[in-house]
Ligand code: SF4
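Structure, rendered in structure tokens:
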């Protein structure tokens, strides 16, 4: 049985997901655009994920977004990093000379996204200063890594949809993990009000 057939069969027969799936409802899963194969990374490359670009579109509406491009940064552009400032605040700034600070623009874009869309799951790019679900390197102002943090954009999505399944592409490399993620997204949608929509929590 192919993964596609396995997913279709599971969604069709699971008592929780079947009412949604058989009625034609499809979950909306957000994804970092570079995982969908879009050449939006700072160096103009992508990091296409088979799970995001091939499998998830079979069973879900996949919405791919690159927050850094969406706020007006071009391709190519400077690489970004998460920085903890002396005042205790955290920022997203360009690695080179910290000349570009995109924190406020990322916050504004994320706020617009969560106000305008419902997500039943999200796949983020691992270790990205904007997109990582929790494993972006965090630096002090002198460039010394002091820990890990969520990507600034991803943190907004996590707060807005705290129960929605969210992970990075590295968590979806096996058939089993991918199937569990898909089922979890449908179960999350099934737990919401009848139309599968839950207002953001802020
Ligand atoms: S990780 Fe996020 S910000 Fe970076 S290229 Fe991919 S989608 Fe854009």
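Residue numbers (the numbering used here): 912 to 1113. Note that the Cβ used here is the ideal one computed from N, Cα and C, for glycine as well.
Query                                                                                                         : Result
Supposed close pair residue 1094, residue 928 - CB separation, criterion 8 Å                                  : 6 Å
Span separating the alpha-carbon of residue 1071 from that of residue 1056                                    : 28 Å
Start-end ranges of the beta strand (DSSP E) lying completely within the segment 989-1051, minimum 3 residues : 991-995, 1001-1005, 1032-1035 and 1047-1051
Assumed close pair residue 946, residue 1034 - CB separation to whole angstroms, cut-off 8 Å                  : 6 Å
Contact under 7 Å by Cβ, residue 954 with residue 948                                                         : no
Residue 1080 beta carbon near the ligand SF4 (any heavy atom closer than 6 Å)                                 : no
C-beta atoms of residue 888 and residue 1042 nearer than 7 Å                                                  : No answer is possible for residue 888: it lies beyond the span of the chain, which begins at 912 and ends at 1113.
Reduced DSSP category for residue 916 - H, G, I as helix; E, B as strand; rest coil                           : helix
Sequence-distant residues of its chain with Cβ nearer than 8 Å to residue 1084 (five each side left out)      : 962
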